[in-house]
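Colleague:
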Amino acid sequence: MANLQTDIPVEVIEIPAGEINKNIETCTGVWNVLSELDADRKSLMINVGGGVVTDLGGFVASTFKRGISYINVPTTLLSMVDASVGGKTGVDLGTLKNQIGVINTPEMVLIDTSFLATLPANEMRSGLAEMLKHGLIYDEAYWKKMIDLSNFTLEDLDGLIYESVVIKNNVVTEDPKENGLRKILNFGHTLGHAIESYFLTHETKETLLHGEAIAIGMVLASYISNKQEGFSSEKLDEIKHVIIDMYGKVEFENADYETIIDLMKYDKKNSHGNINFVLLSDIGAPVLDKIVPNTTILEAFQFYNS
C-alpha cells in the first residue's frame with residue numbers, strides 16, 4: 001500500500017486475521033473508523049486480503065451510509081475463485097457461518113496470482129476445493145483437468161483460476177439473488193459448513209480451513225447423490241480418492257455426528273424447516289433442494305471413514 005500512487009487521500013484500516021474475527025464486532029470497529037475519517041457516499045473501499053477480508057469488507061461497504069462502492073483484491077486462492085466473486089458479503093453469527101450479510105456486487109475484482117507465491121500449502125489446498133467443486137457442478141472436463149494437477153505450478157494455475165472464475169460468474173450472472181441456479185455453488189456446503197463450525201468451536205478438534213471442510217462435505221454429498229440420485233459408484237470412488245489423497249482424512253467419532261447434523265438447521269438454503277441439499281445426478285449435472293434423511297447422512301460419514 002505504501003507504493004500506491006494516487007492524488008486522492010488513502011487511509012489503511014487493518015483487521016485481525018482469521019475466521020474467528022469475521023463478526024459484527026469487527027464490522028463495528030471498521031464502521032467507527034470510517035465515521036471518524038468522515039467517509040461519505042462517494043468513498044471507495046478497497047478490500048485487500050483473503051475471504052474474511054472480502055466478505056467482511058464488502059458487507060461493511062454495503063451497509064455504511066446504506067452503501068458505498070467497493071473493490072475486491074483477493075490475495076488467497078480461495079478468495080480469488082470464490083469469496084470475492086459474485087457479490088456475497090457477510091459475517092458469522094457466533095460460530096454459525098455467514099448468517100448476516102447482503103448480496104452486493106463489487107465495482108471490480110482484481111486478481112493477481114503473484115500473491116499466491118507466499119501462500120502456505122494448506123491455504124492453497126483450501127482454495128483448490130472450491131475449484132474442484134466448480135468442476136463437479138458445472139463441467140466434467142474442468143474436473144478432469146483439476147485432478148491431473150498432481151505437480152502443478154503457479155503458471156499452471158493461472159488458466160485454471162480463470163476458468164473457475166468464469167464458471168462462477170456464469171452461474172451468478174444468471175441467478176444473482178440465489179433464487180435457483182446459484183444454489184448449485186453450495187454443493188458440499190450443507191454438511192461442510194456444519195463441519196467447519198463444529199471444528200471451530202470444539203476444543204478437542206483442530207480447526208479446519210473452509211476448503212478442508214468443504215472437501216469433506218463434497219465426499220459426503222457425493223455418497224448421498226449415489227444413494228438418492230443414481231450418481232455413478234465409479235465416479236463416487238474417484239471423488240473420494242482424489243479428495244482423501246489431496247487433504248488426508250479427518251477423524252470423526254460417533255459423538256460428533258449428532259451435533260454436526262443439528263448445525264445444518266442453520267444452513268441458508270433451508271426452507272420451511274427442511275434442510276435442502278445440492279446433489280449430483282452426474283458430474284456437471286447438479287440437482288437442487290433435496291431432502292436427505294439422517295440415516296443416509298450417517299451412512300455417508302461411515303463411507304468417508306471407511
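At position 198 of the sequence shown (counting the first as 1) the number is 198 in the UniProt record's numbering, and the numbers step up by one without a gap.
Idealized CB from N, CA, C, for every residue including glycine.
If you're wondering where the values come from, they're calculated on a predicted model, not measured in any experiment.
(1) The alpha helix (DSSP H) spanning Met146 covers which residue range?
(2) Measuring straight from C-alpha to C-alpha, what distance separates Lys65 and Leu149?
(3) Mind reading off the beta-carbon distance from Thr75 to Gly49? Whole number of angstroms is fine, and I expect it under 8 Å.
(4) Inspect the CB distances between the segment 90–100 and the segment 168–181 and report whether three or more fall short of 8 Å.
(5) Buried or exposed: where does Pro106 fall if 16 or more other Cβ atoms within 10 Å of its Cβ makes it buried?
(6) Check whether the Cβ atoms of Leu263 and Tyr198 lie closer than 8 Å to each other.
(7) Report the rounded CA-to-CA distance for Ile283 versus Ile216, giving the unit in angstroms.
(8) Val53 and Ile15 - do their beta-carbons sit closer together than 8 Å?
(9) Which word fits Asn254, buried or exposed, when buried means at least 16 other C-beta atoms lie within 10 angstroms of its C-beta?
(10) Going by CA-CA distance only, name the one from Glu238, Tyr266, Phe252 that's closest to Gln302.
(11) For Asp282, which beta-bridge partners are listed by DSSP?
(12) My assumption, with CB atoms under 8 Å, is that Ser233 sits in contact with Leu280. Please give the rounded CB distance.
(13) Considering only their Cβ atoms, is the gap separating Gly51 from Ala83 smaller than 8 Å?
(14) Which word fits Ala61, buried or exposed, when buried means at least 16 other C-beta atoms lie within 10 angstroms of its C-beta?
(15) Under three-state DSSP, which class holds Thr173?
(16) Nearest-angstrom Cα distance between Tyr142 and Asn305?
(17) Would you mind giving the Cβ-Cβ distance between Asn47 and Gly29, rounded to the nearest angstrom? I have them listed as a contact below 8 Å.
Modeller: Looking at the atomic coordinates:
(1) For the purposes of this step, residue 146 is identified with residue 146 of the sequence shown, where counting begins at 1. Per DSSP, Met146 is one residue of the alpha helix (DSSP H) stretching across 140–147.
(2) Translated into the one-based positions of the sequence shown, residue 65 becomes position 65. Translated into the one-based positions of the sequence shown, residue 149 becomes position 149. So the two alpha carbons sit approximately 45 Å from each other.
(3) Taking the first residue of the sequence shown as position 1, residue 75 is located at position 75. Taking the first residue of the sequence shown as position 1, residue 49 is located at position 49. With a Cβ gap of about 6 Å, Thr75 and Gly49 count as contacting.
(4) Pairwise C-beta distances place the segment 90–100 out of contact with the segment 168–181, as fewer than three of them are shorter than 8 Å.
(5) The residue you call residue 106 lines up with position 106 of the sequence shown. The residue in question, Pro106, is buried, as its Cβ has 16 or more Cβ neighbours within 10 Å.
(6) Here residue 263 refers to the residue found at position 263 when the sequence shown is read from its first residue. Here residue 198 refers to the residue found at position 198 when the sequence shown is read from its first residue. Contact: yes.
(7) Here residue 283 refers to the residue found at position 283 when the sequence shown is read from its first residue. Here residue 216 refers to the residue found at position 216 when the sequence shown is read from its first residue. Their Cα atoms are separated by approximately 17 Å.
(8) Sequence index remark: in the sequence shown, residue 15 carries index 15 (1-based). Sequence index remark: in the sequence shown, residue 53 carries index 53 (1-based). Their beta carbons are under 8 Å apart, which means Ile15 touches Val53 by this criterion.
(9) As a working mapping, residue 254 is identified with position 254 in the sequence shown. Result: exposed.
(10) Taking the sequence shown and counting its residues from 1, the one referred to as residue 302 is at position 302. Ranking Glu238, Tyr266, Phe252 by Cα distance to Gln302 puts Phe252 first.
(11) The count along the sequence shown starts at 1 and reaches residue 282 at position 282. Answer is Ala285.
(12) In the sequence shown, residue 233 corresponds to position 233, counting from 1. In the sequence shown, residue 280 corresponds to position 280, counting from 1. Their Cβ separation, rounded to whole angstroms, is 13 Å, which puts Ser233 and Leu280 out of contact at 8 Å.
(13) Locating residue 83 in the sequence shown gives position 83, counting from the first residue. Locating residue 51 in the sequence shown gives position 51, counting from the first residue. Taking 8 Å as the Cβ cut-off, Ala83 and Gly51 qualify as a contacting pair.
(14) Position 61 of the sequence shown, counted from the first residue, corresponds to residue 61. Result: buried.
(15) If you number the sequence shown from 1, residue 173 lands on position 173. Helix at Thr173.
(16) By one-based count along the sequence shown, residue 142 stands at place 142. By one-based count along the sequence shown, residue 305 stands at place 305. For Tyr142 and Asn305, the distance between alpha carbons rounds to 27 Å.
(17) The sequence position of residue 47 within the sequence shown is 47, counting from 1. The sequence position of residue 29 within the sequence shown is 29, counting from 1. At roughly 15 Å, the Cβ-Cβ gap does not stay under 8 Å, so Asn47 and Gly29 are not in contact.
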